[in-house]
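Enquirer:
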Amino acid sequence: VSPNNNVVGWAEVRGKNFARGKYRTFYTSLEKAMTLVRFEALTAKPAMVIVAWLDGVYCYRFTVNDTRTRQIKWDGRTVNSRGDDQDIEPVIHIPVDAFTRITDTPCPFA
Numbered sequence: 008v009s010p011n012n013n014v015v016g017w018a019e020v021r022g023k024n025f026a027r028g029k030y031r032t033f034y035t036s037l038e039k040a041m042t043l044v045r046f047e048a049l050t051a052k053p054a055m056v057i058v059a060w061l062d063g064v065y066c067y068r069f070t071v072n073d074t075r076t077r078q079i080k081w082d083g084r085t086v087n088s089r090g091d092d093q094d095i096e097p098v099i100h101i102p103v104d105a106f107t108r109i110t111d112t113p114c115p116f117a
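Here is the structure:
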């Protein structure tokens, strides 16, 4: 959101309590990814995933191509990890190497 309250982009913001390299991929629910893609398509404003890992804050620009080409699995947290069986759902996996460190990236919303 800009200083005058205009929407300039869309973001899913996540925090992780481990380093970026612990897993090969980051995943989020397919529903969240489709919402980002839909908002970008309907508003012409960029959609991003921003993840704060212990070793830095990174971003990834989501596009409709991701929902067509990235690995999608029936996955998520296990029932034992949080006690919510609704956490098992279709998820989209993004390789962590596809993320860019925010400090190395010009602001995509400028």
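Each residue of the sequence shown is one higher than the last, beginning at 8 in our numbering.
Using N, Cα and C, we set each Cβ at its ideal position, and we do this for glycine too.
Could you tell me which uninterrupted beta strand (DSSP E) segments, each at least 3 residues in length, are contained entirely in the stretch 33 to 107, listed from first to last along the chain?
Expert: Within the stretch 33 to 107, the complete beta strand (DSSP E) runs of at least 3 residues are 54 to 60, 63 to 69, 79 to 83 and 95 to 102.
Enquirer: Can you check DSSP and say which residues form a bridge with residue 20?
Expert: By one-based count along the sequence shown, residue 20 stands at place 13. BP columns for residue 20 point to 57.
Enquirer: Thinking just about the alpha-carbon of each residue, which of 95, 13, 21 and 66 is nearest to the one in residue 108?
Expert: Within the sequence shown, residue 108 is the residue found at index 101, counting from 1. That would be 66, whose Cα lies nearest to the Cα of residue 108.
Enquirer: Report yes or no: do three or more beta-carbon pairs, one from the stretch 29 to 38 and one from the stretch 9 to 16, lie closer than 8 Å?
Expert: The answer is no - the stretch 9 to 16 does not touch the stretch 29 to 38, with fewer than three Cβ pairs under 8 Å.
Enquirer: With DSSP run on the structure shown, which of helix, strand or coil describes residue 27?
Expert: Position 20 of the sequence shown, counted from the first residue, corresponds to residue 27. Note: residue 27 maps to helix in three-state DSSP.
Enquirer: On the criterion of 16 or more Cβ atoms from any shown chain inside 10 Å, does residue 101 qualify as buried, or is it exposed?
Expert: Here residue 101 corresponds to residue number 94 of the sequence shown, with the count starting at 1. It is buried - the Cβ of residue 101 has at least 16 other Cβ atoms within 10 Å.
Enquirer: Let me confirm a value: residue 51 is counted as buried when at least 16 other C-beta atoms fall within 10 Å, else exposed. Which label applies?
Expert: Counting from one through the sequence shown, the residue named residue 51 turns up at place 44. Residue 51 should be labelled exposed.
Enquirer: State the CB to CB distance for the pair residue 40 and residue 73, rounded to an integer number of angstroms; the pair is presumed to be in contact (CB under 8 Å).
Expert: Counting from one through the sequence shown, the residue named residue 40 turns up at place 33. Counting from one through the sequence shown, the residue named residue 73 turns up at place 66. Right, the Cβ-Cβ distance comes to about 7 Å (below 8 Å), so this counts as a contact.
Enquirer: Taking 9 Å as the threshold (C-beta atoms), are residue 55 and residue 22 in contact?
Expert: Within the sequence shown, numbered from 1, the residue matching residue 22 stands at position 15. Within the sequence shown, numbered from 1, the residue matching residue 55 stands at position 48. In this structure, residue 55 does not lie closer than 9 Å to residue 22 by Cβ.
Enquirer: Quick one, which of 79, 106 and 110 has its alpha-carbon nearest residue 98's?
Expert: For the purposes of this step, residue 98 is identified with residue 91 of the sequence shown, where counting begins at 1. Considering only alpha carbons, the answer is 79.
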